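Chains as they are written, first to last, in my numbering: chain A, 78 to 231; chain B, 78 to 231.
A virtual CB, placed ideally from N, CA and C, is assigned to each residue, including glycine.
Every value quoted in this text rests on a predicted model; they were computed, and no experiment measured them.
Single-structure report; data block below.
Protein chains: 2
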Amino acid sequence: MTGDRATATLDLLLEISTLLATDMRRDLQARGLTAARTHLLWVLHHAGPATQRGLADALQVSPRNVTGLVDALVDTGFVTRTPHPGDRRAVLVELTGKGRALTEGLVGEHRQLAGQLLGDLPAADLARLSAGLEHVADKLRPLVPGDEMGGHRA
Amino acid sequence: MTGDRATATLDLLLEISTLLATDMRRDLQARGLTAARTHLLWVLHHAGPATQRGLADALQVSPRNVTGLVDALVDTGFVTRTPHPGDRRAVLVELTGKGRALTEGLVGEHRQLAGQLLGDLPAADLARLSAGLEHVADKLRPLVPGDEMGGHRA
DNA sequence: TATTGTTATACTCTATAACTATA
DNA sequence: TATAGTTATAGAGTATAACAATA
Numbered sequence: 078m079t080g081d082r083a084t085a086t087l088d089l090l091l092e093i094s095t096l097l098a099t100d101m102r103r104d105l106q107a108r109g110l111t112a113a114r115t116h117l118l119w120v121l122h123h124a125g126p127a128t129q130r131g132l133a134d135a136l137q138v139s140p141r142n143v144t145g146l147v148d149a150l151v152d153t154g155f156v157t158r159t160p161h162p163g164d165r166r167a168v169l170v171e172l173t174g175k176g177r178a179l180t181e182g183l184v185g186e187h188r189q190l191a192g193q194l195l196g197d198l199p200a201a202d203l204a205r206l207s208a209g210l211e212h213v214a215d216k217l218r219p220l221v222p223g224d225e226m227g228g229h230r231a
Numbered sequence: 078m079t080g081d082r083a084t085a086t087l088d089l090l091l092e093i094s095t096l097l098a099t100d101m102r103r104d105l106q107a108r109g110l111t112a113a114r115t116h117l118l119w120v121l122h123h124a125g126p127a128t129q130r131g132l133a134d135a136l137q138v139s140p141r142n143v144t145g146l147v148d149a150l151v152d153t154g155f156v157t158r159t160p161h162p163g164d165r166r167a168v169l170v171e172l173t174g175k176g177r178a179l180t181e182g183l184v185g186e187h188r189q190l191a192g193q194l195l196g197d198l199p200a201a202d203l204a205r206l207s208a209g210l211e212h213v214a215d216k217l218r219p220l221v222p223g224d225e226m227g228g229h230r231a
């Protein structure tokens, strides 16, 4: 039955999700980072300096939560808070050299992981896998309103 | 370049992971359940009554953590604690009628979601997607030691 | 009056360590 | 001596509400 095949495929997708999350979390932990803090660094890496308000929107998380994450990342030297020029209420959060080194390292590891998981798949198979995943993502995106962060994840 | 194609495919996989997690969490929250508690119910659904020790092993989480999760699920009426016949140190955790109704509902919704995401994919495409995902899972499983829970996730 | 970020408070998941009751 | 589960303590992520400074 096709229905069972679909269910088994969704199961596979969920298993892979868990495995990927576990694998990445372990790598980050070794460097003293959590998933939430890394996600914030990742947003800064892609978007450049941002206000905490902007980060809260990007991460879809409360402003109060951002305060805590930025506090921790300042303490550990990954980001700095500087006054916002032109709005004295706001601060600009930006990556330090250490922060930039980290996110650039992540890009490389990300690429390496992609190679490890998909590198020996024939190009035609990779294209078909990609197409299948696009199909799934297209169905899924409308189910989760207020996404916009597609891909920006560590 | 093939490398970039692989990276883009991994990105897609990560985006889908996030979307799936968000979608499922929202559904559960509406019923007063968190991901961790639901995961425990899911294990009971598949394995039947279990000791807290057994649950800790299955969930790969500390015994102390299980105490808290079971406390909450007892309070909300999803499981019961009964004395273990034959070992007076241990307790058996089992689903109540409410708990069973919930997990059975999850099975149905899971199937429905699979149909929604994959139902209109031609059988051949579904088979190729499935094969591609199997390839990824095969590469990924050895990277995450002590898994064994493949598929058992809510 | 609205917005930015903070303090105050609280809940959940998670962990380790020490302890009790049993094996 | 080892195991099952609890109490004690702690850290991280998350949220809402009230508040200060600024727009």
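Worksheet item: Whose C-alpha, out of LEU195/B, ALA112/B, GLY174/B and ALA208/B, is nearest the C-alpha of ASP215/A?
Response: LEU195/B
Practice prompt. Kindly list the residues whose CB is nearer than 7 Å to the CB of ALA113/A, restricted to its own chain and excluding five residues on each side of it in sequence; keep chain order.
Written response: LEU146
Item to complete: Just mark VAL143/A as buried or exposed, buried being the case when its beta carbon has 16 or more other beta carbons within 10 Å.
Response: By the Cβ neighbour-count rule, VAL143/A is buried, with 16 or more other Cβ atoms within 10 Å of its own.
Fill in: Cα-Cα separation, LEU217/B to PRO162/A
Taking the straight line from one Cα to the other gives about 46 Å.
Worksheet item: How about GLY192/A: is its C-beta nearer than 7 Å to some C-beta of chain B?
Response: yes
Discussion item. Against chain A, with Cβ distances strictly below 7 Å, would SER94/B count as a contact?
Written reply: So, interface residue.
Worksheet item: Can you name the residues that DSSP bridges to ARG158/B?
Response: VAL170/B
Worksheet item: Between THR153/A and SER207/B, is the Cβ-Cβ spacing less than 7 Å?
Response: In terms of Cβ geometry, THR153/A and SER207/B do not form a close pair [threshold 7 Å].
Item to complete: Give the C-beta separation of THR34/A and LEU105/A to the nearest angstrom, bearing in mind that I take them to be a contact with Cβ-Cβ under 8 Å.
Response: Nothing can be reported for residue 34/A: it is not among the residues displayed for chain A, which extend from 78 to 231.
Item to complete: Could you tell me the distance, in whole angstroms, from the CA atom of ILE93/A to the CA atom of GLN137/B?
Response: 17 Å
Discussion item. Is SER139/B close to chain A? Criterion is C-beta to C-beta, closer than 7 Å.
Written reply: no
Worksheet entry | Beta-carbon gap between LEU172/A and VAL184/A smaller than 7 Å | no
Discussion item. Beta carbons nearer than 8 Å to chain B: which residues of the segment 110-124 of chain A have them?
Written reply: none
Item to complete: Could you check if THR84/B is buried or exposed, using at least 16 other CB atoms within 10 Å of its CB as the buried criterion?
Response: buried
Practice prompt. Going by CA-CA distance only, name the one from ASP164/A, LEU220/A, GLU186/A and PRO199/A that's closest to ASP100/A.
Written response: Among ASP164/A, LEU220/A, GLU186/A and PRO199/A, the Cα nearest to that of ASP100/A belongs to GLU186/A.
Worksheet item: According to the neighbour-count rule (16 or more other Cβ atoms, all chains shown, within 10 Å of its Cβ), is GLY228/A buried or exposed?
Response: Below a pLDDT of 50, predicted positions are generally treated as unreliable, and GLY228/A, at 42, falls in that range; no measurement from the model is reported.
Discussion item. Between LEU220/B and chain A, is any beta-carbon pair separated by less than 7 Å?
Written reply: yes
Item to complete: Establish whether the CB of GLY227/A and some CB of chain B are separated by less than 7 Å.
Response: Unreliable placement is indicated for GLY227/A, whose pLDDT of 44 sits below 50; the coordinate value is still reported in the next sentence. So, interface residue.
Worksheet item: Quick one, are the C-beta atoms of LEU190/B and LEU89/A less than 7 Å apart?
Response: no
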